[in-house]
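> Take a look at this one; I'll ask things after.
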Amino acid sequence: MFRYYNPNPVGRSTVGDCAVRALSKVLDISWERAYRMLSDNAFKMGDMPSSNSVMGSVLRQHGFYRENLPPTCPDCYTIGDFCRDNPIGTYLVGSDNHVVAVKNGAIFDTWDSSGEPILYFWTR
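Note that my numbering has the sequence shown beginning at 40, numbered continuously upward.
Listed below in C-alpha cells is the structure:
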C-alpha cells in the first residue's frame, strides 16, 4: 500500500532526496534533521550524503542492520512483495537507485515504487 509522504520543508518532490525522506520516516525525525545527519556523516566520510555507505552509517548508529535478499530472483521480488511479506515493522528498503521507507506494510514516499525490484533492506 502506497502512502504519499513528503516531509521536504518547501514541498519539493523532484530533488533526489529519497535518502533524506526515507531516513526521516524510519527515524521519525524532520527532513532537516535527516539531511543534517546525512550531510555530517558524508563530510566525515568524504562521500556523498545519498551514498549507501553514508546512509548505512547513520542507520547503524540508530540500531539498524542490513539484510541482503537472496539472489534467487533479483528482478522479480519487488517493494510491493516486500510490503505484503512484512506487514509489521519499520524498514528502509533499497532498489537499484532508490530507497524508500516501509512501515507496517505501507510504502511512504512521493511516488508509488511498489513495482521496483529490491536489493536490500535495513531493519532493527
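Just so it is clear, CB atoms sit at the ideal spot from N, CA and C, and this is done for glycine as well. Computed from a predicted model, the values in this text were never measured in an experiment.
Our contact map puts V138 next to F121 with C-beta atoms below 8 Å; I'd like the distance itself, whole angstroms only.
Actually they are not in contact, since the Cβ atoms of V138 and F121 sit about 13 Å apart, beyond 8 Å.
> Using CA atoms only, rank isn't needed, just tell me which of G133, Q100, D56, I127 is closest to Y116.
G133
> Express the C-alpha separation of W161 and N107 in angstroms, rounding to a whole number.
9 Å
> From K64 to F147, what does the alpha carbon distance come to, in whole angstroms?
The alpha-carbon of K64 is positioned some 8 Å away from that of F147.
> Between the C-alpha atoms of E71 and D79, what's the straight-line distance to the nearest angstrom?
12 Å
> What residue range is occupied by the uninterrupted alpha helix (DSSP H) comprising E155?
No alpha helix (DSSP H) contains E155, which DSSP labels as neither H nor E.
> Beta-carbon separation of D124 and P156 under 9 Å?
no
> Could you work out which residue in V97, Y130, W150 is closest to R42 when comparing CA atoms only?
For R42, the closest C-alpha among the options V97, Y130, W150 is that of W150.
> Beta carbon of V93, beta carbon of L77: below 9 Å?
Yes, they are a contact pair.
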